[in-house]
Amino acid sequence: MSTTALEVSGLTVRHGDVLAVDGLDLRIGRGETVALLGPNGAGKSSTVGAVLGLLRPAVGSVRVLGRRPADAVRAGCVGAMLQHGGLPGDARVGEVVHLVRSSYPDPWPLEDLTATTGTGGLLGRDVGALSGGQRQRVLLALALAGQPPLLLLDEPTSAMDAEGRRAFWTTMRDLAARGTTVVFATHHLEEADAVADRVVVLAGGRVVADGASAQVRSAVGGRTVRLTAGRLPDPLPGVTAVDRQGGTVALTTTDVDVTLRALLAAGVPLADLEVRGASLEDAVLTLTGGTR
Amino acid sequence: MSPLLAFQLRRVARNRQFLFFTVLLPAAFTVFFTQVFAGTPGGVSPEQAAATMVAMMAYGAIGAALGATVRLSFDRASGWLRQLRVTPVPQTSVVAVDVAVGMLLTLPPLVVVALTGRFVNGVRLAPGEWAGLVGVLWLGSAAFVALGLLLGWALEERAAGGAVGIVGTVLAALGGLWVPVELFPSGLRAVAHGLPSYWYAEAGRAAAEGRPPSPAAAAALTAFALAFAVLAVVAARRRSLPAVAG
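Line order of the protein sequences matches chains A and B. Each residue of the first sequence is one higher than the one before, starting from 1 at the first, in our numbering. Each residue of the second sequence is one higher than the one before, starting from 1001 at the first, in our numbering.
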């Protein structure tokens, strides 16, 4: 059996005149937990849509577990939480869950499924009577109903509160530990950092960074020196960016030692000094050309 | 029965308004119109009673066919159709179930209004004529199922709900289901002849007299059904592929 869960090559997706995905290449192995990270409009949802066969790519190919996207979905290899997915009106939760489970060749036993997703108490409820968080839990139950080897989640926690998020990601880590490939799109950097063992940063429909989150952070090659100071010598050795907010200055530097020595040599008092590695957020902003 | 068909039927059955407007209201109208005519000099003839019953069967079936199918617009708005597309349920079954639900739900109004006509208003037909009447109106309802699917695919949720009410009313009023076309001024009569609802009731009246539908009625209903179905497919295709090759 192939070790590749998802193979995207040269994927280009257009929405009318807008180029949403621009020649994207991505290979995801079985059992990986991958975050697709990027700002709005980076092409995350379009990529997910193409992988699920919801969008027809203009160019390029997508193979899901060796099959065409629509075939993989038909075969029950994929479960998905969509950003614009929803539940039907005039229906009870239990009926919807039953319908989706019955469409998969090997459904997850109901009791396990509802216990895992926290939907046990909701089965008799009318869909219209669910809160936002409860809806997301039901949508998760639908995504997991067939025990699919590949899970695609597009901004899955957007309607959840902090506690809901924590529970959600605990579930995802458990599934990943059992060998499920989990691919999720998010712009919550903490989530990508905490959950994914690989982060793929998208911008303008292309991959701008790909690796472990620590690796992506170091890709911007920087650490941040923060201090309270007035005028600073310019230029400072090692410094690639200066960000001043009131009295606080954040210096992004490729070499902390050299920068600090230069500051001392210039007689700058090192008040409230703080040195830290670039956060994933800094990395993404740098990589996607955002300003700070 | 496929799980999706059972699921969809249960959802509609839960909708009390739908049952009221498509089954109870036409049955009540059948009694009401007949009683109104009964109060006029000369009373109500058996032909008038039968014609009223046929018109109300057509009215109920049109409402049911449109109301059952336009719901897909709500399912699209809620994101449910999108959700279904990422399950193994094939798209062809989703469409087939929509058609089946529309066709099945036209049966309750046809049967209930027919029973009302027989047992409340005393309409007497031969067993074969009853079967022919229900059969012809059931088959003919395919045109309105197709129209409902077209409206459901072409219109947004809010517009679709309103459109079905308006389209149903226009088809009933101008098609001569409430007031017989013979009482229309000639200009309006020409309009009626351009509507599927007129030919639908016309085919029903023929069946109630033990005749097959006239060639004109059969041709008109077939043409409307095909035209609505083709347009529905076009509308659905435009919806389902937001990103196009290029």
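Here a beta-carbon is modelled for each residue, glycine too, at the ideal position from N, C-alpha and C.
Beta carbon of residue i nearer than 9 Å to that of residue j
i, j, result
"A/L152", "A/V62", "no"
"A/T296", "A/L251", "Within the shown structure, residues of chain A are numbered from 1 to 292, placing residue 296 of chain A beyond reach of any answer."
"B/A1192", "B/L1174", "yes"
"B/A1142", "B/L1177", "no"
"A/G23", "A/V59", "yes"
"B/D1075", "A/G89", "yes"
"A/A35", "A/S213", "yes"
"B/V1023", "B/M1057", "no"
"A/R92", "A/R135", "no"
"B/V1134", "B/L1107", "yes"
"B/P1090", "A/Y104", "no"
"A/G179", "A/R14", "no"
"A/L99", "B/F1007", "yes"
"A/G204", "A/A42", "yes"
"A/L6", "A/L150", "yes"
"A/V183", "A/E32", "yes"
"A/D154", "A/Q83", "yes"
"A/H187", "A/N40", "yes"
"A/G85", "B/Q1083", "yes"
"A/M81", "A/L175", "no"
"B/G1063", "B/G1168", "yes"
"B/L1081", "B/V1094", "yes"
"A/T47", "A/L87", "no"
"A/G53", "A/K44", "no"
"A/L26", "A/V200", "yes"
"A/L260", "A/L270", "yes"
Residues near residue i in its chain [Cβ-Cβ closer than 7 Å; skip 5 each side]
i, result
"A/G49", "L55"
"B/L1155", "S1073 and A1163"
"B/A1208", "A1050, V1054, L1125, E1129 and L1133"
"B/F1018", "V1012 and G1067"
"B/G1140", "Y1200, A1203 and L1221"
"B/R1205", "A1051 and V1054"
"B/G1246", "Any reading at B/G1246 is ruled out, since the residue's pLDDT is 30, under 50, leaving its predicted position unreliable."
"B/R1014", "none"
"A/V256", "R223, V225 and V275"
"A/R173", "V195"
Residue i: contacting residues in chain A (beta-carbon distance under 7 Å)
i, result
"B/D1075", "P88"
"B/R1239", "Those within 7 Å of B/R1239 in chain A number zero; the least Cβ separation is about 12 Å."
"B/R1014", "D90"
Residues bridged to residue i [DSSP beta-bridge criterion]
i, result
"B/E1156", "None; B/E1156 has no bridge partner."
"A/L11", "A/L24"
"A/V59", "A/T12"
"A/R276", "A/T224"
"A/G29", "A/T4"
"B/Q1008", "Per DSSP, none; premise fails for B/Q1008."
"A/A203", "A/R206"
"A/M81", "A/L153"
"A/L19", "A/R14"
"A/L251", "A/V225 and A/V242"
"A/V182", "A/T33 and A/L151"
"A/D126", "A/R92"
"B/A1217", "In DSSP, B/A1217 forms no bridge with anything."
"B/V1123", "B/V1123 is not bridged to any residue."
Chain-ordered chain B contacts of residue i [CB-CB under 9 Å]
i, result
"A/A141", "Neighbours of A/A141 on chain B: none; closest Cβ ~12 Å, over 9 Å."
"A/E32", "Those within 9 Å of A/E32 in chain B number zero; the least Cβ separation is about 20 Å."
Neighbourhood of residue i by C-beta, 6 Å cutoff - its chain only, sequence neighbours within 5 removed
i, result
"B/M1053", "T1030, G1117 and V1123"
"A/V268", "A229"
"B/V1181", "R1189 and A1192"
"B/F1037", "V1044 and Q1048"
"B/A1065", "G1102, T1106, S1141, F1144, V1145 and G1148"
"A/V138", "V93 and T119"
"B/V1120", "V1031"
Partner residues on chain D for residue i, Cβ-Cβ distance less than 8 Å
i, result
"B/P1180", "Reference to chain D is not applicable here, since the protein chains of this structure are A and B."
Proximal chain B residues relative to residue i, where beta-carbon distance stays under 8 Å
i, result
"A/G60", "Correct list: empty, because the minimum Cβ distance to chain B is about 11 Å."
"A/A75", "P1088"
"A/V78", "V1086"
"A/L52", "R1085 and V1086"
Where residue i meets chain B, residues with beta-carbon distance less than 7 Å
i, result
"A/H84", "G1079 and R1082"
"A/E274", "Those within 7 Å of A/E274 in chain B number zero; the least Cβ separation is about 45 Å."
"A/L99", "P1003, L1004 and F1007"
"A/E95", "F1007 and R1010"
"A/S102", "P1003"
Amino acids of chain A, ordered along the chain, whose beta-carbon sits closer than 8 Å to that of residue i
i, result
"B/P1108", "Ordered by position in chain A, no residue passes the 8 Å Cβ test against B/P1108, which lies about 17 Å from the chain."
Proximity test, residue i beta-carbon vs the ligand HEM heavy atom, cut-off 8 Å
i, result
"A/L287", "Here there are no bound small molecules, and the ligand HEM is not part of this structure."
Beta-carbon contacts of residue i that lie in its chain and below 8 Å, excluding the five residues immediately before and after
i, result
"A/D106", "G76, G146 and Q147"
At least three beta-carbon pairs within less than 8 Å, the segment 133 to 150 of chain A to the segment 105 to 125 of chain A: Yes, since at least three Cβ pairs between the segment 133 to 150 of chain A and the segment 105 to 125 of chain A fall closer than 8 Å, the two stretches touch.
Stretch-stretch touch, CB-based, cutoff 8 Å, three pairs: the segment 1204 to 1213 of chain B with the segment 1143 to 1154 of chain B: No: the two stretches stay apart, fewer than three of their Cβ pairs being nearer than 8 Å.
Touching by the beta-carbon criterion (3+ pairs, under 8 Å), the segment 1063 to 1070 of chain B and the segment 63 to 72 of chain A: With the cut-off at 8 Å, the segment 1063 to 1070 of chain B and the segment 63 to 72 of chain A do not touch.
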